[in-house]
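Input: a single structure, listed below in structure tokens.
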């Protein structure tokens, strides 16, 4: 009897030893970390229903709980910016049909491990272009999606487009669970396949995500885009007032301060517990003309203005020099970015000569510069007002709120204006949106058949060399036509706890936090 | 009394009608197309137009207003253009936060201002009175966003005693309540002082002293009770303002209250949220004023008698 008890005890000890070895191995895999990573956002989180919103702050949160068919990487020098995501590969079977294969090991975080299948992908895409969707514009050119087999879909598009497939990397098009939507549950959009799940969302206070214990990618190695997270939880807390956000970081209430104000960076740089990180960004700030409104329909006059603007001064007053001056109209980091043209540098003599060529040798123009009351636009406007006075152009400043400014520009009621464009993945979202005849966000009201033709060519040309040549020609053409004067690309500046690890930053600000943690 | 309360509550109907009409009208005058805000920069004109049609934004102003009021009659204040959430529910989610902040601020203000106002009144024209009035002047003239930042720097950044913002437990309420409460305390101190000065010179105060009452009893029993009506009015008025207008403090301290909700909604042209919130704020102000009027009756028998006569 005693021997049997002893044997059982020995067995128990052995089992416990094996279990403890397993536990140790797991513990060694996961670096020591603070339980909760807290991110102080600069804007409120207002809607987490993926296809009912287009907001950057919402999307940053949704990236942790949902996953996309393609993954947009953050390396501007990579051969391709788009890697396989939930789709393993894809190919065009003809100009308008794409066959896409899906991973077969993915399941939703619905407590039942419901597998993600082609039905879910079809459901998601159909819903995106369906009634009431607010993201249909992300899938421009989409015709239909059909299920080929459990892990294969066929997507049909209107015409061949080099960048259509990249749309599938946008967060609002993350794959959603058909089963959840059809079950009649409340808020089915919260069910995703990501490494984190929603636990709590108190509007204006906190959105808390916690690591999914039985996440489908738990066995993936660290470094894989779908590897499990490290932090046990991630909280997003809105701190709308920039100074409060900075103080909250210094006080240890948050671990990351998004968009720290330039005039307070000095305090953060002096703080030994804080790292201020800076990299080239993608947000292009520009000065532009309503090209349909006289006298700004005069190309020479637009060029004269471009030569009269001292962009160095603009960069200093706007972002304290933390940015890059640029000549082209394309955001830095995008495919085909080309900035080697002569462009229009600050040169008052050339500006005056161009004024004469334009028919205004003595200036004598009075105009209005419309700009947003947010950000640093007021400072930029003051510099430009002074610059243009030197070539005889009197500028009246006309600040207005963002919403009013957009409506004014869409209606073409502005003369000169300041605005921005942030695009880091698709060139067509710059060329077509800003310069194509009739595009809603073409606030320049620019219309030129040759430019339209080149824009179409960049979108549809299959020969990549010919496409690149068309892109360069288009940039040179638009810079010369001068519907806008590119001013600068603002650097990405972000401040965080010095022990932050695993962060994955994008120049445009749509960072991935799913692998970030505070090392202990 | 009940009849009076019923009458006052009935008066809310014209208040709601006028307020909602004015807000609807003001929002229609502001630039910015809500449909475009919702659709995003990339939407085509057709998509924006579809949203406009769906939300009834193409209807004439009076039709839109009529539809909104029809919804109100059935208890439906509409859905937010931005979050797609029910306006009433969103407002009610934020209201406890604002009431918490407002209540704490008023409590701090009362604790500081009543003793200080009485003290300065009974020491009129001395250095103590001057010091009290300097405090009051300082509190009235100081912008509360600046005071808020100064408190954050001192208590959060330097001393690390309190969180700088957010809503995360009782500690996070202290700084915003102090910031709002300090401004209120200054105003209520001035009112208390002047009200007490009026009362102190009354004959019944002299009579009370002649009867042999202690100075403490004279001041608190005979003086303060009679001086309370203007003070209660001031507190009630300030309470209304705090509830509806703490937007600066709520922004500086990232406090998720009604002020911030209205401010954000205006900037996003979220007409249903702005209209609904302001109507609710008007109702709240009316209710607070009613409560103040009822408190008058509690402290002043003459007013209570009036109510009784009416009945």
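Residue numbers (the numbering used here), protein chains in the order written: chain E, 55 to 574; chain B, 33 to 343. Think of the CB as a built atom: it goes at the ideal place given N, C-alpha and C, for glycine as much as any other residue. From a predicted model like this one, the values you see are computed outputs, not experimental measurements.
Contacting residues, own chain, Cβ-Cβ under 6 Å from residue i (five flanking each side not counted)
i, result
"residue 40 of chain B", "322"
"residue 360 of chain E", "398, 536, 539"
"residue 387 of chain E", "130, 336, 478, 561"
"residue 111 of chain E", "95, 97, 99"
"residue 149 of chain E", "214"
Neighbouring residues, chain B, relative to residue i (Cβ below 7 Å)
i, result
"residue 228 of chain E", "Near residue 228 of chain E there are no residues of chain B at all, since even the closest Cβ is about 17 Å away, more than 7 Å."
"residue 297 of chain E", "181"
"residue 472 of chain E", "By Cβ distance, chain B contributes nothing, its closest Cβ being about 16 Å from residue 472 of chain E, past 7 Å."
"residue 294 of chain E", "283, 286"
Beta-carbon proximity list for residue i, same chain, < 7 Å, skipping 5 on both sides
i, result
"residue 173 of chain E", "201, 232"
"residue 199 of chain B", "129, 287, 288"
"residue 214 of chain B", "171, 179"
"residue 181 of chain E", "105, 187"
"residue 272 of chain E", "282"
"residue 533 of chain E", "381, 382, 383, 395, 397"
Contact list for residue i against chain B, beta-carbon separation under 9 Å
i, result
"residue 301 of chain E", "181, 184, 185, 188, 189, 196, 197"
Counted within 10 angstroms of its Cβ, other Cβ atoms place residue i as buried (16 or more) or exposed
i, result
"residue 79 of chain E", "Because residue 79 of chain E carries a pLDDT of 39, less than 50, the predicted location of this residue cannot be relied on, and no value is offered for it."
"residue 43 of chain B", "exposed"
"residue 551 of chain E", "buried"
"residue 473 of chain E", "buried"
"residue 100 of chain B", "buried"
"residue 461 of chain E", "buried"
"residue 246 of chain E", "buried"
"residue 253 of chain B", "exposed"
"residue 158 of chain B", "exposed"
"residue 355 of chain E", "buried"
"residue 162 of chain E", "buried"
"residue 68 of chain B", "buried"
"residue 121 of chain E", "buried"
"residue 92 of chain B", "exposed"
"residue 196 of chain B", "buried"
Cα-Cα separation, residue i to residue j
i, j, result
"residue 126 of chain B", "residue 94 of chain B", "30 Å"
"residue 412 of chain E", "residue 437 of chain E", "23 Å"
"residue 59 of chain B", "residue 104 of chain B", "18 Å"
"residue 440 of chain E", "residue 321 of chain E", "32 Å"
"residue 569 of chain E", "residue 193 of chain E", "28 Å"
"residue 366 of chain E", "residue 279 of chain B", "37 Å"
"residue 295 of chain B", "residue 565 of chain E", "27 Å"
"residue 572 of chain E", "residue 92 of chain E", "9 Å"
"residue 405 of chain E", "residue 482 of chain E", "31 Å"
"residue 166 of chain E", "residue 268 of chain E", "10 Å"
"residue 585 of chain E", "residue 499 of chain E", "This structure leaves residue 585 of chain E out entirely; chain E is present only between 55 and 574."
"residue 340 of chain E", "residue 372 of chain E", "12 Å"
"residue 143 of chain E", "residue 389 of chain E", "21 Å"
"residue 476 of chain E", "residue 324 of chain B", "53 Å"
"residue 270 of chain E", "residue 424 of chain E", "51 Å"
Neighbouring residues, chain E, relative to residue i (Cβ below 8 Å)
i, result
"residue 115 of chain B", "100, 101, 257"
"residue 211 of chain B", "Those within 8 Å of residue 211 of chain B in chain E number zero; the least Cβ separation is about 12 Å."
"residue 106 of chain B", "What residue 106 of chain B touches in chain E: nothing, since even the nearest Cβ is about 22 Å away."
Contacting residues, own chain, Cβ-Cβ under 8 Å from residue i (five flanking each side not counted)
i, result
"residue 392 of chain E", "382, 384, 525, 526, 529, 530"
"residue 317 of chain E", "374"
"residue 230 of chain B", "259"
"residue 443 of chain E", "449"
"residue 253 of chain E", "262, 263, 264, 287"
Chain B contact residues for residue i, given Cβ-Cβ distances below 8 Å
i, result
"residue 464 of chain E", "65, 68"
"residue 305 of chain E", "188, 189, 192, 195, 196"
7 Å Cβ cut-off: residues of chain E touching residue i
i, result
"residue 85 of chain B", "Ordered by position in chain E, no residue passes the 7 Å Cβ test against residue 85 of chain B, which lies about 12 Å from the chain."
"residue 77 of chain B", "494"
Original post:
Given a limit of 9 Å on CB to CB distance, which residues of the segment 271-292 of chain E reach chain B?
Top reply: 291, 292
Original post:
Which residues, taken in chain order from the segment 309-341 of chain B, show a beta carbon closer than 9 Å to some beta carbon of chain E?
Top reply: none
Original post:
Got a sec: which bits of the segment 81-108 of chain E sit with their beta carbon under 9 Å from any beta carbon on chain B, in order along the chain?
Top reply: 94, 98, 100, 101, 103, 106, 107, 108
Original post:
Which residues, in order along the segment 122-139 of chain B, keep a beta-carbon less than 9 Å from a beta-carbon of chain E?
Top reply: 122, 125, 126, 129
Original post:
Which residues, in chain order, does the segment 293-306 of chain B contribute to contact with chain E at a C-beta distance below 8 Å?
Top reply: 293, 296, 299, 300, 301
Subject >> Residues within the segment 493-505 of chain E neighbouring chain B, beta-carbon criterion of under 7 Å >> reply: 494, 495
Original post:
Mind listing which residues of the segment 187-208 of chain E have their C-beta closer than 9 Å to chain C's C-betas, in chain order?
Top reply: Here the protein chains are E and B, and chain C is not one of them.
Original post:
In the segment 142-161 of chain B, which residues sit with their C-beta less than 7 Å from some C-beta in chain E, listed in chain order?
Top reply: none
**OP:** Could you list the residues in the segment 447-464 of chain E with a C-beta less than 9 Å from some C-beta on chain B, going in chain order?
**Re:** 454, 455, 456, 457, 458, 459, 460, 461, 462, 464
**OP:** Identify each residue in the segment 48-62 of chain B for which the Cβ-Cβ distance to at least one residue of chain E is less than 8 Å, and report them in chain order.
**Re:** 62
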